[in-house]
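Per this note's numbering, the sequence shown starts with residue 403, numbered consecutively. Cβ atoms here follow ideal geometry from the backbone N, Cα and C, with glycine treated the same way.
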Amino acid sequence: MAALADLRGNMGLAWLDITTGSFQTCPVNIGTLMAVLGRIEPEELLVSDHLLQNESAKGKLENWEKSLVSLNKSQFDSEVAKKKLEITFKMFSLDALENFSRAEIAACGALIAYIEITQKGRLPHLQKPRRVLNDTVLGIDFATRRNLELTQTLSGENKGSLFSVMDHTTTGAGCRMLKSWLCSPLTSVCDIKKRQDGVQFFFDRSDLRDELRRVCKTVADIERPLSRLTLGRGGPRDMSSIRESLKAAQTLKDLLRTPAELSLPTLISDIINHLGGHQKLVDHLERAIITDPPLLIRDGGFFAAGYSPELDKFLGLRDNSRKLIASLQSKYCEITNIPSLKIKNNNVLGYFVEVTPSNAQNMPDKDGSPFLHRQTLVSAVRFSTVELTELETEIKNAAHQAHQLELALFEALLEEMLKFTDDIALTAHATAMIDVVLSLAMLAEENRYVRPVIDDSLSFKITRGRHPVVEKMLNEKSAEGFIPNDCDLAESNRLWLLTGPNMAGKSTFLRQNALITIMAQMGSFIPADSAHIGIVDRIFSRVGAADDLARGHSTFMVEMVETAAILNQANKRSLVILDEIGRGTATFDGLSIAWAALEQIHDNNKSRALFATHYHELTCLETRLAGVRCYTVKVKEWKSEVIFLHQVIVGSADRSYGIHVGRLAGLPAPVINRAEEVLKELQSKGYGTKATRLAEELPLFQSTNKPSKSEVSEKKLLAALEAVDPDELTPRAALEFVYKIKFLLGKK
């Protein structure tokens, strides 16, 4: 759950997971709010009724309408919140924590107050709030997360998402942590390399990795039972799972210490420091709780024999009453020398000693005799004893007393265990982290992933990159392999203008480079032969078509809103992925918007960008904008058929083959034939032809901030010559390269 506070225009967001105790905050504004909410995906979002009166803020929260919980403005009082935090975390002053803003403190206080209300005054184990600054995490807004299908597909399914392909974890906590890493990639080179070193360590040691994964499978989700126990909802099985998990954590620590001659990466050393060290608690729990206890306290019978002699006595009375009565009967037979003496029970007298009338005279009747006459019948004489009465009382009360004592012992054991709550939570975090690193190492080995080079430069060079999800699906469904492609967004060609036919793979290429970036900055290895990625601070993606009719937004309006967010926020460290901008409106309207957007990204945002389009007229900008480079997806025509080769090459397309795709989709033959006739007619009249002609005839489309034509040609020519290795050129490729040089020199 999360809480959003707004104090005089300063906004703060706090969020926590009640099941794990994770508690975090960050300062936000209207521009960054959606990206943070998209990252944490709260089930409940607490806001003040006053904030919802702000139309701008209310509009930003539309996507979270189902999660909104409106609270009175008084719940977000920062002074009250400060005192509540100091009491909750037993601190004299919040100065010992990070320098939180008043809005962040107010949001934290609102969360704690809400939990106290909903959990009837009991708080779960909460970690101290930790501030997460937006510039330490790769920014991915809500629309981009949806378009890239990080954790679920556009249809809402897990299968087919990037997370479904990456998840090889064996524990619940590890699964959550992997998702957190995926949703919050880092921007610190040092922190990313720490994670990479951890993955590399296990990537190189498959035997150790397999043994550790075997142990991880025995680790329970420690954070959840710990939370239930602190809330008073836990039971003996929760204690047992924590005990077994702590034992497994010690085993993990011992295994990691085995390769003493190896130099352990910092991440692995940190993990080792928080594993194990709970032997005293484990021994206590071993003595106390049986191996397979019941789920609930009320079921009873979960304490081990010998842990409490008093409890053993009560349980013995409850479970062995017949044996105790039989033992006492034997004793009385021996005292009286009457073998036929019986101890019986009825609803009137309870337990009693019974003998035949002939044997009654042999019963001791002297003073001090334990036998007291109770009843004489024709066929029997009945007696009682103080010992039998006390035993009867104990038997009747044993079950109740055993239950009450079990509750008391459980509470005492729980109190003892909760003294180690913080240490147990650290162990839970360490086991989750080792599970994630092991998972990423296995992912890399199974799929031939490589370690990318990450630094603070503006480089973006991926050699033979692959789409992780599409590649996985192809491997599962067919023998056809994924066609890899390079992507180099160096300064001289930081904006790729990608043209090519429908279904050729443009969108796949765009998405795969964004996904590779996210994987690299979360610390994972990536699907490529090699990669050098300078830190990306934000990823913006506008891919695909969608509407939001419930809020009155057409497909084109959604497209424009998302494009506006990109153009208003992207910078030179951002990675921008744009696909088919302007296609939702009239041809020249759309072309104009696409043209202007491309110039804005190049001239003002200066972002590394991939811009896919069917507006072939835009290709003339390669000679006008220094950082623009034209690429296309290669196709082959054979016997009136189009073969998609899925290879991205230098150049531009002059056709989109839309009619061919329509034929593949099953459009009726008359429609296909008529479409071809109309296309020929339009082309004969000059519609949709030469891009250079359009640029010359319409000065409106000429960039207002561009280098001279000779400067562009020289720069492009040098870049092309540097990129080619003459010894590797086939005769055909050499001929194509000559044509390319002529094109760069402005020759028709």
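Going by the CB atoms, is the gap between residue j and residue i shorter than 8 Å?
i: F1046; j: A834; result: no
i: P638; j: I594; result: no
i: C1022; j: G1053; result: no
i: R441; j: C585; result: yes
i: R645; j: V684; result: yes
i: T573; j: V621; result: yes
i: C510; j: A404; result: no
i: L658; j: I674; result: yes
i: R611; j: M844; result: yes
i: A1055; j: T1025; result: no
i: K581; j: T553; result: yes
i: F565; j: A846; result: no
Could you have a look at residue i and say whether DSSP puts it in helix, strand or coil?
i: K1144; result: helix
i: Y753; result: strand
i: F494; result: coil
i: F884; result: coil
i: E445; result: coil
i: R1010; result: strand
i: S932; result: strand
i: S472; result: strand
i: L556; result: coil
i: F603; result: helix
i: P711; result: helix
i: T787; result: coil
i: P766; result: coil
i: Q1049; result: strand
i: G562; result: coil
i: L1060; result: In the sequence on display, residue 1060 carries Gly and not Leu. DSSP places G1060 in helix when its eight states are reduced to three.
i: Q521; result: coil
i: F544; result: helix
i: R1017; result: The sequence as given places Tyr at residue 1017; Arg does not occur at that position. Coil, per DSSP.
Can you say whether residue i is buried or exposed, counting buried as having 16 or more other CB atoms within 10 angstroms of its CB?
i: H775; result: exposed
i: V788; result: exposed
i: Y851; result: buried
i: D721; result: exposed
i: K492; result: exposed
i: F1153; result: Because residue 1153 is not part of the residues shown, which for the chain are 403 to 1150, the question remains open.
i: V438; result: buried
i: W898; result: buried
i: T1106; result: Since pLDDT at T1106 reaches only 46, below the 50 mark, its modelled position is unreliable, and the value read off the structure follows with that caveat. It counts as exposed.
i: L502; result: According to the sequence shown, residue 502 is Phe rather than Leu. With 16 or more Cβ atoms within 10 Å of its Cβ, F502 is classed as buried.
i: C592; result: exposed
i: S926; result: buried
Whole angstroms is fine: what's the gap from residue i's alpha carbon to residue j's?
i: L912; j: V1050; result: 11 Å
i: T1094; j: H1016; result: Low local confidence applies: a pLDDT of 42 at T1094 is under 50, so the model's placement there is unreliable, with the coordinate-based value given in what follows. Between T1094 and H1016, the C-alpha separation is close to 16 Å.
i: A762; j: Y734; result: 13 Å
i: D537; j: T589; result: 7 Å
i: I507; j: D656; result: 41 Å
i: I1003; j: Q426; result: 34 Å
i: M413; j: L435; result: 9 Å
i: L1000; j: D890; result: 18 Å
i: Y753; j: E796; result: 12 Å
i: A922; j: D931; result: 13 Å
i: K1144; j: D888; result: 24 Å
i: L828; j: G636; result: 20 Å
i: I519; j: E813; result: 23 Å
i: L406; j: A1014; result: 37 Å
i: R953; j: P886; result: Any reading at R953 is ruled out, since the residue's pLDDT is 49, under 50, leaving its predicted position unreliable.
i: I740; j: K798; result: 28 Å
Going along the chain, which residues of its own chain have a beta-carbon closer than 6 Å to the beta-carbon of residue i, five neighbours each way excluded?
i: P667; result: D599, G600 and F603
i: H831; result: none
i: V471; result: E446 and L448
Beta-carbon within less than 7 Å of residue i's beta-carbon, same chain only, minus the 5 sequence neighbours each way: which residues are those?
i: T919; result: I935, V938, I941 and L977
i: L1081; result: I1061
i: A706; result: R689, A690, I691 and I692
i: F822; result: H680 and L683
i: K1142; result: V1052 and A1122
i: D623; result: T573, G574 and A575
i: F704; result: P638, I691, I692, P695 and P696
Could you pull out every residue in the same chain whose Cβ sits closer than 8 Å to the Cβ of residue i, ignoring the five residues on either side in sequence?
i: S710; result: L807 and L811
i: L790; result: L730, I745, Y753, F754 and V755
i: A505; result: A407, D408, L409, N412, M413, G414, P429 and S480
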